[in-house]
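A short write-up of the structure that comes next.
Residue numbers (our numbering): 306 to 616.
Here it is as structure tokens:
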């Protein structure tokens with residue numbers, strides 16, 4: 306598992322036997338590959354949750370080893386702020402129940418944790434804190450989308466549309482790479498006095514022609530709804546109601562399969578060319594990214610972009 310600033314893995318027998326040696330090898334390799342300025346903290350424990358907590362104890366460049374034999378000792382002195390899954394609101398809720406520290410939390414039963422959290426997440430946290438290697442099921446993807454703060458020169462309705470169109474094509478590429486179809490489009494804009502948004506239902510599609518047609522229809526509503534001269538400061542597009550390609554079902558009342566097959570073939574050819582040359586060399590309509598570079602290729606804490614995101 307990994308995010309933009311962390312990575313976790315299971316140890317082999319060599320790593321389990323001597324975690325400090327493994328930590329030194331990691332740090333030596335990091336220094337040799339990147340340099341001495343970038344450091345890392347490393348935590349070793351019985352599961353990912355405990356290792357994440359241990360990793361925080363000796364930042365920014367320490368190593369913490371929590372062998373099962375020494376737990377829960379060091380864990381009982383950890384504040385709730387350092388426990389992933391306990392935010393400020395949950396800490397207040399726990400305090401209202403008389404649970405103000407890890408001693409109190411560690412003493413309750415798993416079903417009680419489930420009741421406090423209101424779902425299975427609390428019970429999973431109990432087992433994780435007690436050293437069990439419980440893996441949460443992989444969450445299903447619900448949408449593909451991109452948003453962008455617009456540069457000052459692109460805050461008109463027409464200029465914002467051009468950027469929304471590019472963002473939508475990038476989202477559609479991600480949709481196809483993951484082998485999904487979509488049947489909904491959300492468009493939202495941040496304007497001077499609030500936000501504007503619309504949802505449009507689609508037949509189950511994934512080709513650029515159908516998706517961009519939906520955007521044109523929605524953007525006509527933008528023009529009709531917002532006063533002339535409205536400034537748009539941020540725009541976002543989201544492909545929703547997604548379905549795996551393997552589970553796609555045709556609309557019995559919509560006879561567009563021939564049209565969809567044609568545009569899917571055209572879109573697949575464009576994707577192949579763009580991936581081959583590692584940049585957008587062909588697209589439906591102009592491809593002129595705004596000032597600031599790549600469209601839809603930003604790095605976030607929730608998703609590590611692939612090389613294709615920057616095409």
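Idealized CB from N, CA, C, for every residue including glycine.
- The beta carbons of residue 579 and residue 585 sit closer together than 7 Å.
- Residue 510 holds the alpha-carbon nearest to the alpha-carbon of residue 488 among 474, 510, 367.
- As a beta-bridge residue in DSSP terms, residue 494 pairs with 501, 540.
- Taking a C-beta distance under 7 Å as the contact criterion, residue 367 and residue 359 do not qualify as a contact pair.
- Here the C-alpha atom of residue 386 lies approximately 8 Å from the C-alpha atom of residue 396.
- Residue 544 and residue 355 have their C-alpha atoms roughly 36 Å apart.
- Around the Cβ of residue 331, a 10 Å sphere holds fewer than 16 other Cβ atoms; the residue is exposed.
- Under DSSP, residue 345 shares a beta bridge with no residue.
- Beta-bridge partners assigned by DSSP to residue 506: 489.
- Secondary structure of residue 452 (DSSP, three-state): strand.
- Membership of residue 527 in the alpha helix (DSSP H) is indicated by the continuous run 513-530.
- Relative to residue 503, the option among 467, 478, 515, 540 whose CA is nearest is 540.
- Pairing residue 546 with residue 418, the inter-Cα distance amounts to about 33 Å.
- Exposure of residue 456 is indicated by the presence of fewer than 16 other C-beta atoms within 10 angstroms of its C-beta.
- A Cβ-Cβ separation of about 5 Å places residue 542 in contact with residue 472 under the 8 Å criterion.
- Note on residue 459: 16 or more other CB atoms within 10 angstroms of its CB, so buried under the neighbour-count rule.
- Beyond the five residues adjoining it in sequence on each side, residue 528 comes within less than 8 Å, by CB distance, of 462 in the same chain, given in chain order.
- By the criterion of at least three beta-carbon pairs nearer than 8 Å, the region 339-346 is not in contact with the region 396-411.
- If you draw a straight line from the Cα of residue 439 to the Cα of residue 592, it is about 46 Å long.
- Counting the other CB atoms within 10 Å of its CB gives residue 375 a total below 16, which places it among the exposed residues.
- CA-to-CA, the gap between residue 336 and residue 520 works out to about 48 Å.
- The DSSP-derived three-state label of residue 369 is strand.
- CA-to-CA, the gap between residue 476 and residue 482 works out to about 10 Å.
- Between residue 512 and residue 568, the CB-CB gap stays under 7 Å.
- Rounded to the nearest angstrom, the gap between the Cα atoms of residue 549 and residue 365 is 41 Å.
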